[in-house]
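Report on one structure; see the data block that follows.
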Amino acid sequence: MATISKLAFAPSSPSLGLRSSDLRPSLVDLRSLASGGNRSSAPTLSVEMEIRRSERRSLTVRCSQVSGNGAQVKRTTLHDLYELQGQSPWYDNLCRPVTDLLPLIASGVRGVTSNPAIFQKAISSSSAYNDQFKELIQEGKDIEAAYWELVIKDIQDACKLFEPIYDQTDAADGYVSVEVSPRLADDTKGTVEAAKWLHKVVNRPNVYIKIPATAECVPSIKEVISNGISVNVTLIFSLARYEAVIDAYLDGLEASGLSDLSRVTSVASFFVSRVDTLVDKMLEKIGSPEALNLRGTAAVAQAVLAYKLYQQKFSGPRWEALVKKGAKKQRLLWASTSVKNQAYPDTLYVDPLIGPDTVSTMPDQALQAFIDHGTVSRTIDSNVSEAEGIYSALEKLGIDWGEVGTVLEVEGVDSFKKSFDSLLVTLQEKANSLKLVSL
171 MATISKLAFA
181 PSSPSLGLRS
191 SDLRPSLVDL
201 RSLASGGNRS
211 SAPTLSVEME
221 IRRSERRSLT
231 VRCSQVSGNG
241 AQVKRTTLHD
251 LYELQGQSPW
261 YDNLCRPVTD
271 LLPLIASGVR
281 GVTSNPAIFQ
291 KAISSSSAYN
301 DQFKELIQEG
311 KDIEAAYWEL
321 VIKDIQDACK
331 LFEPIYDQTD
341 AADGYVSVEV
351 SPRLADDTKG
361 TVEAAKWLHK
371 VVNRPNVYIK
381 IPATAECVPS
391 IKEVISNGIS
401 VNVTLIFSLA
411 RYEAVIDAYL
421 DGLEASGLSD
431 LSRVTSVASF
441 FVSRVDTLVD
451 KMLEKIGSPE
461 ALNLRGTAAV
471 AQAVLAYKLY
481 QQKFSGPRWE
491 ALVKKGAKKQ
501 RLLWASTSVK
511 NQAYPDTLYV
521 DPLIGPDTVS
531 TMPDQALQAF
541 IDHGTVSRTI
551 DSNVSEAEGI
561 YSALEKLGID
571 WGEVGTVLEV
581 EGVDSFKKSF
591 DSLLVTLQEK
601 ANSLKLVSL
């Protein structure tokens, strides 16, 4: 039976502590702005600590084939991240048995995100779902209905594990996210109805209903929030769309008519690494020294400016009026935090984006790296002027930020649709292999 996120350590290394000899300090300069070819004149944002992988301890966070024993994990950088800097580390993965999240919770994880791709991998690669799936089909459920039953059980079980954090923080943390069908990404009304249905059937106070930040679904966000349902807005790739998402949240709170807004919360999932993946290709196509020198800078620069926008929007008379009713800020959540380019430091999309009232959801690779050698320091607003310079320099080179956001949004929605459709095919094949009636 597959286990989720078991923290596994080499027998000779039971502690998370690192010896000084485990690390070789170096400076990885990823953000130099060229000015007439003069590198020394450019401002830099730097990520430190290159790890000698041959000397790193064995630390694995993964879905494995070994049962978790629920053993206590010693204090980690994840605890420091939350307690010292106010950023909540979440885990971007979910599979059965959900109880194997317990070691991660002990290590400092404070929430979970899921998406169609995650469930596609979990359900298709594990036999842990077979018994429930067989029962559902024999009860007369069709394939898609059975899929949602499988997902809902995982979400409910995970919510139960994180409920103590939710209670301790007065609904500020401890959430588990589940996404509406990606087939509804261009359906405003359908998304609203699906969100209401999911919220009702999951029936847990600490569930976030994920809604994509497509143009068609921005109005859905307002409507769902106005119904008192907490939302994780996903697939945000541009500052313009992010501002629209904030406005939808504020509009929804105002339209709710609730006198107590403290239990209606939201996060805005701003995707990071995919931005560099696309912009780097554009820069390589441009091919000039200035362009090549800016590879690996776009994602962090835009994220820093998103945090600046967050600070601006959640201040002033309009926001203060909502605060009087108990409203909580819609936190920025950094998503897509694992590096896609192996030439970049493996904490590139975590270390530079640390700040109060934010969330960083990390898949296995990024979570492992940050626990192992992440740096806990407030970085998100320490180089705002430099981020503005990078953003502007990219525009001058011909990078159209609107186009970047549109392309990535289309790719993201399409990817989730393919994962969803693939999973339904897999479930039909599973039904056939279990000699169940094809429906």
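All you need for this note's numbering is the position in the sequence shown, starting with 1, plus 170.
We put the CB at the ideal spot given by N, CA and C, even for glycine.
Under three-state DSSP, which class holds residue i?
| i | result |
| --- | --- |
| residue 407 | coil |
| residue 596 | helix |
| residue 434 | coil |
| residue 297 | coil |
| residue 261 | strand |
| residue 349 | strand |
| residue 439 | strand |
| residue 359 | helix |
| residue 508 | coil |
| residue 380 | strand |
| residue 548 | coil |
| residue 458 | coil |
| residue 590 | helix |
| residue 283 | strand |
| residue 530 | strand |
| residue 502 | strand |
| residue 401 | strand |
| residue 604 | coil |
| residue 514 | coil |
| residue 341 | coil |
| residue 305 | helix |
| residue 484 | coil |
| residue 375 | coil |
| residue 553 | coil |
Tell me whether residue i is buried or exposed, calling it buried when 16 or more other Cβ atoms sit within 10 Å of its Cβ.
| i | result |
| --- | --- |
| residue 313 | buried |
| residue 273 | buried |
| residue 499 | buried |
| residue 352 | buried |
| residue 450 | buried |
| residue 223 | Per-residue confidence for residue 223 stands at a pLDDT of 35, beneath the threshold of 50, marking its modelled position as unreliable; no derived number is given. |
| residue 463 | buried |
| residue 448 | buried |
| residue 290 | buried |
| residue 408 | buried |
| residue 244 | exposed |
| residue 286 | buried |
Give me the Cα-Cα distance between residue i and residue j, rounded to the nearest whole angstrom.
| i | j | result |
| --- | --- | --- |
| residue 535 | residue 508 | 6 Å |
| residue 316 | residue 475 | 42 Å |
| residue 277 | residue 546 | 15 Å |
| residue 292 | residue 299 | 9 Å |
| residue 368 | residue 440 | 23 Å |
| residue 373 | residue 320 | 15 Å |
| residue 506 | residue 443 | 6 Å |
| residue 454 | residue 355 | 31 Å |
| residue 255 | residue 526 | 6 Å |
| residue 307 | residue 600 | 11 Å |
| residue 589 | residue 322 | 17 Å |
| residue 531 | residue 458 | 35 Å |
| residue 419 | residue 555 | 28 Å |
| residue 520 | residue 540 | 8 Å |
| residue 452 | residue 411 | 21 Å |
| residue 140 | residue 333 | The question about residue 140 has no answer, for the chain in this structure spans 171 to 609. |
| residue 465 | residue 303 | 46 Å |
| residue 340 | residue 496 | 11 Å |
| residue 580 | residue 297 | 32 Å |
| residue 603 | residue 543 | 45 Å |
What distance in whole Å lies between the Cβ atoms of residue j and residue i, which are believed to be in contact at a cut-off of 8 Å?
| i | j | result |
| --- | --- | --- |
| residue 362 | residue 390 | 5 Å |
| residue 360 | residue 396 | The pair is not a contact, with the Cβ atoms about 17 Å apart (cut-off 8 Å). |
| residue 431 | residue 582 | Incorrect: roughly 30 Å between the Cβ atoms, too far for contact. |
| residue 469 | residue 446 | 4 Å |
| residue 502 | residue 480 | 5 Å |
| residue 471 | residue 560 | 4 Å |
| residue 394 | residue 415 | Between residue 415 and residue 394 the Cβ distance is about 12 Å, and since that is not below 8 Å, they are no contact. |
With 8 Å set as the bound, which would you pick, yes or no: does the beta-carbon of residue i sit closer than that to a beta-carbon of chain B?
| i | result |
| --- | --- |
| residue 360 | Looking at the structure shown, chain B is missing, and only one protein chain is on hand. |
Subject >> Cβ contact (3+ pairs, closer than 8 Å) linking the stretch 546–555 and the stretch 576–583 >> reply: Inter-segment contact for the stretch 546–555 and the stretch 576–583 is absent: fewer than three beta-carbon pairs are separated by less than 8 Å.
Original post:
Is there contact here, the stretch 430–440 with the stretch 392–412, by at least three beta-carbon pairs under 8 Å?
Top reply: With a cut-off of 8 Å on Cβ pairs, the stretch 430–440 is in contact with the stretch 392–412, counting three or more such pairs.
**OP:** Tell me, please, whether the stretch 377–390 touches the stretch 334–353 by the rule of three or more beta-carbon pairs shorter than 8 Å.
**Re:** With a cut-off of 8 Å, the stretch 334–353 and the stretch 377–390 count as touching, because enough Cβ pairs lie within range.
Original post:
Does the count of Cβ pairs from the stretch 251–266 and the stretch 555–567 closer than 8 Å reach three?
Top reply: Not touching, per the Cβ criterion.
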